[in-house]
Every structure is written in C-alpha cells, then in structure tokens.
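Data block below; observations after.
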Amino acid sequence: MTAANIHFRVTDVREVLSEVMDPEYGTLSIIDLGIVSDVVVEVDAVGVTLLPTMAGCPAREVIELDVRSALLSAGASNVSVKWCLDGSWEPHRLSAKAVEQLGKEFSIAIRNNGALPSCPICDATSLREVSPVGPTRCRSVAWCDECRNVVEVVG
Amino acid sequence: MRTWTDLDDFQDFLDAGGMVEADDDMPEEYRSEVFRFIEFHANSELMGGLTERDWIPHAPGLRLKQIFLAKTQDEIGHAHLLYMVAADMAVKTRDEMIDDLLAGKSRFHNVFHYRAETWADQIAIAFLVDAAAFASQRAVFAKCTYGPYKRILRRIVGEEGFHMRHGEEMLLKMASGSQVQRDLFQAALERWWWPAVQLFGPDSPPDDPLLKWYVKSERNEVLRHAYVQKYVPLLHGYGFTVPDDGLHQDAESGEWIMSKIDWAPLKATLSNSGPDSERRLANAVRNHAESAWFRESIGVSA
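Chains as they are written, first to last, in our numbering: chain A, 2 to 156; chain B, 476 to 777.
Have a look at this one:
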C-alpha cells in the first residue's frame with residue numbers, strides 16, 4: 002500500500018462526496034441528504050461512515066459502490082465504507098438546499114417535530130396523512146386538500 | 476380556478492406551456508383522456524407490483540430478495556399515488572377503478588399479460604421491460620400538462636431509473652455466467668423481446684389527442700425506434716441473439732431496422748386475452764380478497 006492519501010484532507014473527501022448523488026434523485030448529493038456522518042483520513046486509508054435514512058434502505062449497496070468509486074477515481078488509495086445502523090438519521094440532517102429542492106422539485110415535505118408541515122406545492126397548512134408508507138418505507142403519503150396534490154412526507 | 480372559452484382557447488394555453496391544475500375548469504375531453512391515461516398507468520403499476528411480489532420467495536439470495544421487496548414496494552406505492560390523483564379527477568372512484576380492473580374491464584400494460592417462467596425472465600423484465608417503461612414514462616414527464624400527474628412522475632421516473640441499474644447488474648451476472656445461465660437468458664429474451672418492443676404501442680395516430688395536449692411528448696414509433704437502437708447493440712455486445720430474423724442494419728444510416736411488427740399479440744392483451752391474462756387477473760382478485768382484513772384494519776376501502 003502506498004501512502005497516497007497523504008495529500009487528502011477531510012474537506013477534500015467531503016468535496017468528492019458532494020458529487021455523489023442519490024441513486025434515485027440524481028440532483029441531490031449524499032452530503033445534502035445528511036447521509037455522511039463521519040470522514041477519517043489516514044495515511045493508508047480513507048474511512049467514510051454513512052447513516053442511512055432507514056436501516057433497511059434498499060439503496061445502501063449502490064450508494065456504497067458510488068462512494069467507493071468516486072473516492073478511488075479521485076486518487077484515494079484505500080477506501081473503507083461503514084454503515085451506522087443505529088437509526089440516528091433525522092430529517093434535521095438535511096441541508097437547507099436539500100429541503101428546498103425536495104419540496105420544489107419532488108413535492109416531498111419534511112415533518113416538523115412530528116407535525117405535518119405545510120404543503121410544499123401551495124404552502125397551505127392543509128396536508129392530511131393518507132397512509133403511513135408509500136413507494137418507500139421512509140416516507141408517508143399525504144394529500145393536500147387545498148391544491149389537491151399528492152405529497153410524500155419524510156420523518 | 477381557470478376557465479377557457481373553448482377547446483381552441485385551451486389549446487393556446489397548452490401551446491404556450493400552460494399547466495393544468497386539479498381545480499381548473501378543464502375541457503371534459505381533456506379530463507377524460509388524462510384520466511384514462513393515469514388509470515392505465517396505475518393499473519399497470521399495480522399488476523407489475525404483484526408480479527415482482529410473486530418472485531420475492533424465488534429470488535436467489537437475501538440481497539436479491541431485498542431488491543425485489545423494494546421494487547414491489549415501489550410499484551404498489553406508485554399505483555397508490557396514481558389512483559389518488561386519478562380518483563380526484565372525479566371520473567371514477569378508487570373503488571370503481573379497482574373493481575373494473577379486477578373484473579377484467581380495464582386495461583394495463585401488455586407486458587403484464589405474459590408469464591414469467593424462470594428467474595431469467597425476471598432479469599429480462601428488469602433489463603428490457605423496465606427500460607421500455609422507463610423510456611415511455613420519461614417521455615410523458617418531459618411535457619405532461621397535468622400538474623398533479625407530472626409531480627408524481629418526477630419521483631416515479633427517478634425510482635424506475637434506479638430499477639434499471641439492478642436490471643443491468645443482474646444481466647451482467649447472467650451474461651458472464653455459465654452456459655446454462657446464458658441459455659436461460661437467451662430463452663427469456665426470446666419470450667420478452669417482442670412484448671418489450673410492443674410496450675410502446677403501434678404508431679401514434681396523426682391526431683393523437685395525448686400528443687396534442689402534451690400528455691405525451693413523443694410519438695410511439697419514435698420512442699420505439701430509439702429503444703431498438705439502444706438495446707440491439709447492447710444485447711449483441713453481451714453475445715445474445717435478438718429473436719428477429721429480419722433485423723438488419725441500414726447500410727447508409729447504420730440504424731437497426733426490425734421486421735414488420737405483428738400487432739395481434741398486443742391487441743389480445745388490450746382485451747385481457749393475452750397468454751397469461753386470466754391467471755394474472757385471478758391472482759389479483761385473490762390478493763385483493765386476502766388483503767381485505769388489512770385495508771379494514773387501517774380504515775380504507777380499496
């Protein structure tokens with residue numbers, strides 16, 4: 002093993018990870034989604050700890066692959082990816098940019114301390130929960146009585 | 476709420492890039508066409524999800540079982556969202572849509588009228604059929620003038636795109652596997668190539684209202700042609716044979732030209748008399764009955 006990571010800093014690793022996109026929503030990075038919980042740079046390895054939005058997230062494997070290949074192509078010599086499965090991901094880990102984009106581009110709202118938020122499409126406080134899950138187990142499904150749109154809710 | 480004086484006025488609005496919202500006073504012709512389109516999409520997601528579900532116990536290994544579980548959740552979830560938007564259009568209730576589907580009175584995608592016989596069929600579906608469905612959904616999303624549908628499509632297209640990665644990965648495994656695996660996939664390809672190509676439908680009629688109103692952004696034949704140009708070389712690259720004796724490359728343009736398509740199989744599926752329609756519908760009816768206790772427990776009907 003060469004000491005190739007000598008020129009890497011934690012901020013560099015984060016920079017590379019900010020280009021790794023969610024496999025479903027390709028305009029949101031894993032940094033913006035708050036999935037990256039820890040980065041360690043040692044002489045012989047770069048370690049990344051990821052926090053899934055839920056332990057059974059089906060995209061884990063693909064995200065891990067993308068993290069690994071992004072860092073290897075950026076010149077890291079040995080990449081170790083760990084998943085923290087204690088369920089500690091919370092919606093507050095989303096960046097302001099992610100919250101904005103999830104709302105405007107994907108009609109996905111973020112729960113407010115357990116309460117339903119306002120509608121990301123029309124801003125009215127008229128969301129009504131329809132089902133605890135929808136296409137994914139990390140989001141519930143709500144209906145906006147004001148603008149009559151389907152909204153998915155994180156958290 | 477917006478109103479339009481007549482269909483021409485409405486057309487001007489759409490031509491200028493206008494988006495229709497749920498409480499707009501849209502022309503009845505538009506409402507009923509868009510409703511039918513969304514109902515068809517919802518039915519297809521539901522029938523597709525039930526197929527994926529059937530393969531969870533047969534998927535080789537925990538990892539693939541997890542992938543098929545997630546895909547099932549996706550498809551059934553998509554159907555759920557689509558039925559909500561369709562029901563809101565007040566043409567049929569959600570119960571009526573489900574009843575019509577189970578009674579064989581509605582339509583769903585041709586590909587869900589065929590039997591998946593082996594695990595390789597599931598891979599052919601993930602690689603070929605999901606890709607065809609993805610291309611066609613993406614083309615709807617591109618313009619889609621009905622706002623509530625377009626917003627759901629934004630998420631559906633992203634999620635279906637992710638499924639395609641799994642299809643490619645599973646195909647790569649088969650293609651680089653033993654001769655037995657390769658033969659299995661070749662046999663599956665022979666069953667699924669034509670249904671996948673036919674998923675795009677026959678050539679669009681010149682006055683297709685779905686194109687005029689920008690529900691679709693592209694003609695069926697254009698999407699089908701682009702699909703063939705992409706998937707023929709891919710399959711050849713993996714060393715498989717596309718089951719079309721007349722398939723050839725145009726000497727000048729280099730484009731792949733297929734034999735004339737026999738549309739009789741597609742027509743059969745549209746009247747729910749495809750090779751596996753009866754069994755599939757019976758399965759869906761049984762599933763609906765067996766899950767009644769769950770719907771009751773959470774206080775919903777369909």
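Glycine is no exception: its CB is placed at the ideal position from the N, C-alpha and C atoms.
The model shown is predicted, which means the values in this text are computed figures rather than measured ones.
DSSP-derived helix/strand/coil call for residue i
i         : result
B/Trp-738 : coil
B/Thr-526 : helix
A/Trp-90  : coil
B/Gly-721 : coil
B/Met-649 : helix
B/Met-494 : coil
B/Glu-634 : helix
A/Lys-83  : strand
A/Met-22  : strand
B/Ile-531 : coil
A/Asp-13  : helix
B/Ala-726 : coil
A/Arg-129 : strand
B/Glu-592 : coil
A/Met-2   : Since pLDDT at A/Met-2 reaches only 45, below the 50 mark, its modelled position is unreliable, and no value is offered.
B/Ser-772 : helix
A/Ala-75  : coil
Neighbour flag for residue i against chain A, beta carbons, 8 Å
i         : result
B/Gln-597 : no
B/Glu-696 : no
B/Gly-633 : yes
B/Gln-548 : yes
B/Gln-704 : no
B/Asp-498 : yes
B/Arg-477 : no
B/Ile-736 : no
B/Val-560 : yes
B/Ile-627 : yes
Chain B contact for residue i (CB, 8 Å cutoff)
i         : result
A/Trp-144 : yes
A/Thr-12  : no
A/Val-131 : yes
A/Thr-137 : yes
A/Glu-196 : The displayed coordinates of chain A run from 2 to 156. Any statement about residue 196 of chain A would go beyond what the structure contains.
A/Gly-88  : no
A/Ser-96  : no
A/Arg-149 : yes
A/Ser-141 : no
A/Met-2   : Legend: pLDDT at A/Met-2 = 45, less than 50; position of this residue unreliable, value from coordinates given subsequently. Closer than 8 Å: no.
A/Glu-106 : yes
A/Gly-1   : There is simply no residue 1 of chain A to check, as chain A begins at 2 and stops at 156 in what is shown.
Residue i - partner residues in DSSP beta bridges
i         : result
A/Val-152 : A/Ala-143
A/Asn-113 : A/Ala-116
B/Asp-500 : B/Thr-478
B/Trp-731 : B/Gln-724
A/Gly-48  : A/Val-41 and A/Ser-81
A/Ser-30  : A/Met-22
B/Tyr-621 : B/Val-495
Cβ-based burial, residue i [other Cβ within 10 Å; buried from 16]
i         : result
B/Thr-526 : buried
B/Trp-594 : buried
B/Arg-630 : buried
B/Gln-724 : exposed
B/Lys-648 : exposed
B/Phe-769 : exposed
B/Glu-730 : exposed
B/Asp-482 : The sequence given here has Leu at residue 482 of chain B, not Asp. Answer is exposed; the Cβ neighbour count stays below 16.
B/Asp-720 : exposed
B/Arg-538 : exposed
B/Gly-536 : exposed
A/Asn-113 : exposed
B/Glu-452 : The displayed coordinates of chain B run from 476 to 777. Any statement about residue 452 of chain B would go beyond what the structure contains.
B/Ile-773 : exposed
A/Asp-87  : exposed
B/Glu-693 : buried
B/Glu-727 : exposed
B/His-711 : exposed
B/Val-775 : exposed
B/Met-645 : buried
A/Trp-90  : buried
Interface partners of residue i on chain D, CB under 9 Å
i        : result
A/Ala-60 : Absent from the structure: chain D. Protein chains present are A and B.
The ligand HEM heavy atom lying under 7 Å from the CB of residue i
i        : result
A/Pro-59 : For the structure depicted, the ligand HEM is absent and the ligand set is empty, with no information on it obtainable.
Quick one: any contact between the segment 649 to 662 of chain B and the segment 532 to 545 of chain B, if contact means 3 or more CB pairs under 8 Å? The segment 649 to 662 of chain B, when compared against the segment 532 to 545 of chain B, does not touch it at the 8 Å Cβ threshold.
Given 8 Å, three or more beta-carbon pairs between the segment 493 to 513 of chain B and the segment 613 to 629 of chain B: Result yes; three or more Cβ-Cβ pairs closer than 8 Å.
Taking contact to mean 3 or more Cβ pairs, one atom from each stretch, closer than 8 Å, check whether the segment 741 to 756 of chain B and the segment 579 to 591 of chain B are in contact. Touching, yes.
Is the segment 706 to 726 of chain B in contact with the segment 660 to 672 of chain B, if contact means three or more CB pairs nearer than 8 Å? Contact between the segment 706 to 726 of chain B and the segment 660 to 672 of chain B is present, because at least three Cβ pairs lie under 8 Å.
Touching by the beta-carbon criterion (3+ pairs, under 8 Å), the segment 139 to 156 of chain A and the segment 121 to 128 of chain A: These segments touch.
Counting beta carbon pairs with one atom in the segment 22 to 40 of chain A and one in the segment 99 to 106 of chain A, are three or more of them shorter than 8 Å? The segment 99 to 106 of chain A is in contact with the segment 22 to 40 of chain A.
Cβ contact check for the segment 550 to 568 of chain B and the segment 727 to 745 of chain B: 3 or more pairs under 8 Å: Here the segment 550 to 568 of chain B does not lie against the segment 727 to 745 of chain B, with fewer than 3 beta-carbon pairs under 8 Å apart.
Counting beta carbon pairs with one atom in the segment 6 to 20 of chain A and one in the segment 52 to 59 of chain A, are three or more of them shorter than 8 Å? Verdict: no, contact absent.
On the three-pair Cβ rule with 8 Å, is the segment 67 to 83 of chain A touching the segment 558 to 567 of chain B? With contact defined as three or more Cβ pairs closer than 8 Å, the segment 67 to 83 of chain A and the segment 558 to 567 of chain B are not in contact.
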